[in-house]
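Per this note's numbering, the very first residue in the sequence shown carries number 342; after that it's consecutive.
Glycine included, every Cβ here is placed at the ideal spot set by N, Cα and C.
No experiment lies behind these values; they were computed from the predicted model shown.
Let me begin by presenting the structure, written as C-alpha cells, before commenting on it.
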Amino acid sequence: MWGGAEAFQAWQHNKVECAPGILKKGAREECVGVSDGSFAFDPLLKEVMGKIKAENDRVEKSGKKYVSLAYVEPVTTVKGEEEAKNGLRGELMGAYLAQRELNDPDLGAGRGDLPQIRLLVGNLGLRSEQWRSLTDDLVAMSEDENRLVAVAGFGQSRGGTQNAVDALREAGIPMMGATVTADSLSDAARPGFFRTSAPNRDQARGAAAYLKKQQEKDPDFKVAVIRDRNEDDIYNTSMSTSFTRAAADRGLRLDGSALEFLSGVDGVSNAFSSVADKVCDLRPDAVFFAGRGVDIRNFIYSMSAPDRRCPVTVITGDDAVGAYYGSLESESRREKFRQEWTDSRVTVLYSSLAHPALAGRLYAEANNPLPDFLSLYRAEFGGAADDTMQVLQDGQVIMGHDAVWTLGVSVRNAAGPDGKGQVNTGATLQMLLQLSGRAAVAGLSGPISFASDGNPDGKPMALVRMEPSGVYTFREVLRP
C-alpha cells in the first residue's frame with residue numbers, strides 16, 4: 342500500500358515538475374524556472390549548460406565568496422522558429438565565457454576574482470509569456486542563499502519582456518539586456534534596466550543616416566517603408582516610430598505611404614504578395630523594413646515570384662537574423678530558400694548589434710579584447726581561427742558575453758579593491774550607474790558606457806549584409 346502511495350506521489354510530481362525548481366507551466370507545459378546548469382531545458386543547450394554547471398560547482402566548492410547572475414531568455418520555441426535556439430545557445434556560450442573570464446584572474450583583464458560569479462539560466466517561456474512565474478523565482482533568489490544580484494539577457498522585445506523588466510525593476514533587481522532593443526524598456530526616471538545593445542532608436546537613426554547619404558549621392562534615390570501593424574510586438578512598433586522620427590530629423594525623403602502588414606494573424610503570406618506587387622510598382626531603391634526577420638523571409642518569398650523579382654535593398658534592424666529561422670530545418674529547405682532569395686533580387690542590410698570585424702575598427706590593436714576572447718572560445722568549444730570568426734558573425738555570442746561581462750565588472754567595482762565589500766542588488770545598481778564617459782567597459786561589441794536612461798551612450802553598430810548562403814558580411818561602421 343505504501344509503495345502504491347509513493348508511486349502516485351512520484352507520478353504527480355513528474356506531472357508538474359521538469360526538474361527540482363523547474364515547473365511545467367501553461368497549456369504547452371513549458372519547463373519554466375531557473376537552472377544552475379543541471380537541467381538543460383533543451384538538448385541543443387546540453388553542452389553549454391554542462392559547462393555552466395561545472396563552473397558553478399567549482400565556484401561553490403572553492404570556499405570563496407560568490408554572488409549569482411541570472412541569464413534569462415524565452416527558451417521555448419514553436420515549429421518554424423527552432424533555429425532561434427542556435428542564437429540562444431550562442432548567447433549562453435558568450436555568457437559562460439564571460440563567467441570564466443571573471444572567475445579566473447589569468448583571464449579577467451585585471452578585474453580580480455572576488456566575489457566569484459555563479460551563473461544561472463532561466464526560461465521566460467514562449468514569447469516571454471511565463472514572465473510572472475520566472476520573475477517571482479528571481480526575486481526570491483535575490484533574498485535567499487543564491488545571492489542573486491542582477492539579471493541579464495531577456496531575448497526578444499515583446500509584451501512579456503516588458504512585463505518581466507517592470508517586475509524586476511519594481512523589486513530593485515538591476516538588469517542588463519543583451520539583444521533586446523525596444524525603446525520602451527528604458528526609463529530614465531526609474532533606473533534599473535541597462536543594455537549593451539543599441540536600442541531601436543539608435544538603429545533607426547543609423548539607418549536613416551545611411552539612407553540620407555545615398556540620397557545625397559543620388560537625388561533620385563527612392564526610399565519606401567514596410568511596417569508591421571502588430572501593436573503587441575514592441576520591437577516592430579518602436580522601430581517604426583523611431584525610423585519615422587529619424588527620417589524627419591535627417592531630412593530623409595520617403596516615397597509613398599508606408600506599405601503595411603499585420604503579423605500574428607492568418608493571411609500574412611497573402612499580405613506580402615500584395616506588398617511585393619506594390620514594391621515593384623513603386624520601384625524604390627531601398628525599403629526600410631520595420632518588422633521581424635521572419636517576415637523579411639516572407640517578403641523574400643513573395644519577391645521571388647517570376648513576375649516580380651525587381652531589385653531592391655532592404656535595410657532593417659537587428660532582428661533580421663530571424664530571416665534564416667525556419668529555412669534551416671533540412672538541407673533541402675535551406676537550398677530552396679537560398680535559391681528563392683537569389684531569384685528575388687532582394688539585398689538585405691541590417692544594423693547588427695555586434696560583428697567580429699567591428700572591434701578592430703573601434704579599438705587600437707593593443708586594446709582590442711577580441712583576440713584573447715577568441716583564444717578562450719577555441720579552448721572551450723573548439724574550432725580553428727576562421728571557424729570561430731564564422732560562429733561569431735551573427736553577434737549572439739558577443740552580445741551574451743558583453744551583458745554578463747558588464748554586470749561582472751559592476752559586481753567587482755561594488756566589492757572594492759580587496760573584494761570584501763558587500764555586494765547585493767543595490768550595490769550592483771550603484772556601480773552600473775557609474776559606467777559612463779571614461780569609465781566605459783571594454784566590450785567585444787565596442788566600449789560600453791551608459792546614458793542616464795540605461796541605454797548605451799552613442800555605441801556604434803555594424804552595417805552587415807546578409808547573404809542567402811547564411812554569411813554575414815561586414816560593410817561599415819554605423820553610428821546613431
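Alpha helix (DSSP H) runs wholly inside the region 373–407, at least 4 long, in chain order: 387–402
Distance, residue 661 Cα to residue 512 Cα: 33 Å
Three-state class that DSSP yields for residue 601 in the structure shown: strand
Cross-strand partners of residue 825 (DSSP beta bridge): The structure shown has nothing for residue 825, since the chain only spans 342 to 821.
Reduced DSSP category for residue 497 - H, G, I as helix; E, B as strand; rest coil: coil
Cβ-Cβ distance between residue 693 and residue 736 below 8 Å: yes
Nearest-angstrom Cα separation, counted from residue 435 out to residue 388: 13 Å
Alpha-carbon to alpha-carbon, residue 750 and residue 398: 22 Å
Nearest-angstrom beta carbon gap, residue 683 and residue 483 [assumed within contact, 8 Å]: No, residue 483 and residue 683 are not in contact; Cβ-Cβ is about 51 Å, not under 8 Å.
Bridge partner(s) assigned by DSSP for residue 644: According to DSSP, which records beta bridges pairwise, residue 644 is partnered with nothing at all.
Beta carbon of residue 602 nearer than 8 Å to that of residue 545: no
Any 3 or more C-beta pairs closer than 8 Å across the region 607–622 and the region 546–564: no
DSSP beta-bridge partners of residue 815: 805
Strand pairing of residue 629, partner residues [DSSP]: 566 and 656
Boundaries (first-last residue) of the beta strand (DSSP E) holding residue 576: Element bounds for residue 576: not the beta strand (DSSP E) but the alpha helix (DSSP H), 575–591.
Proximity test, Cβ basis, 8 Å: residue 430 and chain B: Protein chain content of the structure displayed is limited to a single chain, and chain B is not contained in it.
For residue 714, the nearest candidate out of 538, 481, 504 and 784 (CA to CA): 784
Where residue 343 falls, given that 16 or more other Cβ within 10 Å makes a residue buried: Note that residue 343 scores a pLDDT of 47, beneath 50, so its modelled location is shaky; the value from the coordinates is reported in the next line. Residue 343 is exposed by the Cβ-count criterion.
Neighbourhood of residue 570 by C-beta distance below 6 Å, restricted to the same chain and skipping five residues each side: 601 and 603
CA-to-CA distance, residue 526 to residue 586, given in whole angstroms: 18 Å
Between the CA atoms of residue 475 and residue 747 - distance to the nearest angstrom: 23 Å
Residue 761 (DSSP reduced to helix, strand or coil): coil
Cβ pair residue 298, residue 695 closer than 8 Å: Any question about residue 298 goes unanswered here, given that the chain covers just 342 to 821.
Residue 366 to residue 468 span [Cα, whole Å]: 13 Å
Whole-angstrom distance between residue 792 and residue 509, CA atom to CA atom: 20 Å
Buried/exposed call for residue 723, threshold 16 Cβ in 10 Å: exposed
Cβ neighbours of residue 788 in the same chain (closer than 6 Å, five flanking residues each side left out): 781
Cutoff 6 Å; reference residue 462; Cβ partners in own chain excluding five residues on either side: 376 and 412
For residue 690, the three-state DSSP class (helix, strand or coil): strand
First and last residue of the uninterrupted alpha helix (DSSP H) at residue 359: Looking at the DSSP string, residue 359 is not in any alpha helix (DSSP H); the run it does join, the beta strand (DSSP E), is 358–360.
Local conformation of residue 349 per DSSP, three classes: With a pLDDT of only 42 at residue 349, under the threshold of 50, the placement of this residue in the model should not be trusted; the figure read from the coordinates follows. Reduced to three states, the DSSP call for residue 349 is helix.
Backbone CA spacing between residue 396 and residue 369 [nearest angstrom]: 32 Å
Local Cβ density within 10 Å of residue 566, reported as buried at 16 or more and exposed below that: buried
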